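Residue numbers (the working numbering): 52 to 423.
Structure, rendered in C-alpha cells:
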C-alpha cells in the first residue's frame with residue numbers, strides 16, 4: 052500500500068470517528084443535563100475528547116506525509132508520534148477533570164432522573180461505539196497506524212463504559228439506588244489509565260524500541276538466501292515514522308569474493324529487501340570467513356562453543372582467523388545482563404589462557420534485534 056492510499060484511509064476513518072463521536076456527544080450531553088446524570092455527561096465529554104483526538108490524527112497524518120526537504124531529508128513521518136502524544140495528553144486531561152467532577156458529585160450528590168427514553172439512547176450509543184471501535188481498529192491494523200488502532204481500542208472500551216452507565220440507570224429505575232456518581236468516577240479512572248498508556252506507548256516510539264522480531268527475521272532470511280551469504284547479523288532498524296524504516300546490517304561472505312561480485316550482491320540485497328518488505332537498506336557491512344581451511348573451521352567451532360557457554364554471550368559471528376599471523380577476530384553479541392566491558396574482559400582472559408599463541412580482536416555487539 053502506497054503512502055497516498057494509507058493517508059486517505061486514515062483521514063476517511065478519522066472523519067467517520069469525528070462525526071460519530073460528535074453525534075453521540077450531543078445526544079449524551081442533552082440526556083445528561085436533562086437527567087442530572089454526571090455519568091452520562093462525562094460520557095459525552097469522553098466522546099468529545101475522542102472527536103478532538105481524531106482531528107489531531109488527521110492533522111498529524113497530513114503534516115507527516117509532507118515530502119522530504121533539505122532540512123528534513125528523511126521526511127516528516129515522526130510528526131505522527133507527536134500528534135499521538137497530543138492525543139494522549141487530551142485524553143489524560145479529560146480523565147482528570149472528569150474525576151474531579153465525579154468526586155464533587157459523590158461528596159454533594161444530586162439525584163438523577165432516568166427514564167426509558169434515556170435507556171434506549173444509552174443502549175444505541177453502546178452499539179454504535181462497539182461497531183465504530185471494531186471498524187477503526189481494523190482500519191488501523193490495515194494501514195499500520197498506531198493512532199487509529201489506539202482510537203479503535205478506546206472506542207471499544209468506551210462502549211463497555213457506556214454499558215456500565217446503562218447498568219447503573221437500570222439499577223436506579225429498578226431499585227431507586229443511585230450509583231451514577233461512582234460510575235462517573237470509575238469512567239474517569241479508566242480514561243486516565245488509557246491516557247497514561249497511550250502516552251507511554253508514544254514515548255517508547257519516540258525513544259526507540261526493539262524492532263519487530265517477525266520483520267527482522269524476514270529481512271535476515273531474504274539476505275541469507277543470496278548465494279555466498281552465510282549469515283546476516285547486527286541488523287538495526289532506524290524508524291522515521293510508521294512504515295518508514297532504514298536498515299543497516301552485516302553479511303558474512305567468503306574471503307574469495309571480489310569487490311565487483313560484492314558490489315553486485317549488495318545492490319541485489321537492497322532491491323530485494325525493499326521490494327519484499329518496504330524497508331530501505333542504507334548500509335551493508337562485511338564480514339569475511341575462511342574458505343578451504345579445516346583448521347580455521349575447527350577454531351571457529353571450538354571458540355564459539357567456549358564463548359556461548361556463558362549465558363550472557365548470545366552469539367559469535369564475523370569470525371576470521373589469519374593462521375600465519377596467528378590473529379583471530381570476531382564479534383560477540385552480549386545480552387543486557389552484563390556490562391559490555393566486563394564481558395569483554397572475561398572473554399579476553401579466557402581466550403588468552405586457552406590460545407596463548409594467538410592475538411584476539413573481540414568486538415562487542417548489542418542485542419538490538421532478535422539473534423538466532
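Think of the CB as a built atom: it goes at the ideal place given N, C-alpha and C, for glycine as much as any other residue.
It should be emphasised that the depicted structure is a prediction, and the values quoted were computed from it without experimental measurement.
Item	Value
Is the segment 272 to 287 touching the segment 299 to 317, taking contact as three or more C-beta pairs under 8 angstroms?	yes
Would residue 82 and residue 148 be called neighbours here (beta carbons separated by less than 7 angstroms)?	no
On the criterion of 16 or more Cβ atoms from any shown chain inside 10 Å, does residue 271 qualify as buried, or is it exposed?	buried
Can you have a look at residue 334 and say buried or exposed, based on whether 16 or more other CB atoms are within 10 angstroms of its CB?	exposed
Flag this pair as yes or no: are the beta carbons of residue 235 and residue 93 separated by less than 7 angstroms?	yes
Rounded to whole angstroms, how far is the Cβ of residue 350 from the Cβ of residue 379, which I believe are closer than 8 angstroms?	7 angstroms
Quick one, which of 288, 225 and 359 has its alpha-carbon nearest residue 401's?	359
Three or more beta-carbon pairs under 8 angstroms between the segment 301 to 309 and the segment 337 to 349, yes or no?	yes
Restricting to Cα atoms, I'd like to know which of 171, 79 and 291 is closest to residue 95.	79
Evaluate residue 239 with the Cβ neighbour count: other Cβ atoms within 10 Å of its Cβ, from every protein chain shown; 16 or more gives buried, anything less gives exposed.	buried
In chain order, which alpha helix (DSSP H) runs of at least 4 residues are fully inside the segment 58 to 124?	89 to 115
For the segment 224 to 231 against the segment 185 to 193, are there 3 or more C-beta pairs whose distance is under 8 angstroms?	no
According to DSSP, residue 368 sits in a beta bridge with which residue or residues?	382
Am I right that residue 243 and residue 140 are in contact with their C-beta atoms under 8 angstroms? What's the rounded C-beta distance?	That pair is no contact at about 12 angstroms.
Put residue 290 into one of helix, strand or coil per three-state DSSP.	strand
Quick test of your reading: residue 217 and residue 177, contact by CB under 8 angstroms. State the CB separation rounded to the nearest angstrom.	6 angstroms
Any idea what DSSP makes of residue 301, helix, strand or coil?	strand
Who are the near neighbours of residue 290 in its chain, counting only those whose CB is closer than 6 angstroms to its CB and skipping five residues on each side?	296
Going by Cα to Cα distance, which pick from 57, 62 and 100 is closest to residue 77?	100
From residue 332 to residue 323, what distance separates their C-alpha atoms?	10 angstroms
Given that a residue counts as buried once 16 or more other Cβ atoms are within 10 Å of its Cβ, and exposed if not, what is residue 195?	exposed
Looking only at C-alpha atoms, which of 199, 261 and 171 sits nearest to residue 221?	171
If I measure Cβ to Cβ from residue 257 and keep anything under 6 angstroms in the same chain, skipping five residues before and after, which residues do I get?	132
Classify residue 326 as buried or exposed, calling it buried when 16 or more other Cβ atoms lie within 10 Å of its own Cβ.	exposed
Taking the continuous alpha helix (DSSP H) assigned at residue 399, which residues delimit it?	391 to 405
What are the start and end residues of the beta strand (DSSP E) that includes residue 410?	410 to 417
Restricting to Cα atoms, I'd like to know which of 355, 404, 288 and 391 is closest to residue 420.	288
Count the other CB atoms within 10 Å of the CB of residue 159; is the residue buried (16 or more) or exposed (fewer)?	exposed
Mapping the DSSP letters down to three states, classify residue 282 as helix, strand or coil.	strand
Short of 8 angstroms in beta carbon distance, which residues of its chain neighbour residue 374, apart from the five on each side in sequence? Order them along the chain.	344, 346 and 347
Give the DSSP bridge partners of residue 337, in chain order.	302
Quick one: grab the DSSP three-state call for residue 296.	strand
Ignore the nearest five residues each way along the sequence and tell me which others in residue 410's own chain have a CB closer than 7 angstroms to its CB.	377 and 378
On the three-state DSSP scale, how would you describe residue 252?	helix
Based on the DSSP secondary-structure assignment, which residues constitute the bridge partners of residue 24?	The requested residue 24 is not part of the displayed model; the chain covers only 52 to 423.
Looking only at its own chain, which residues have a Cβ that is under 6 angstroms from the Cβ of residue 138, when we skip the five neighbours before and after it?	104 and 107
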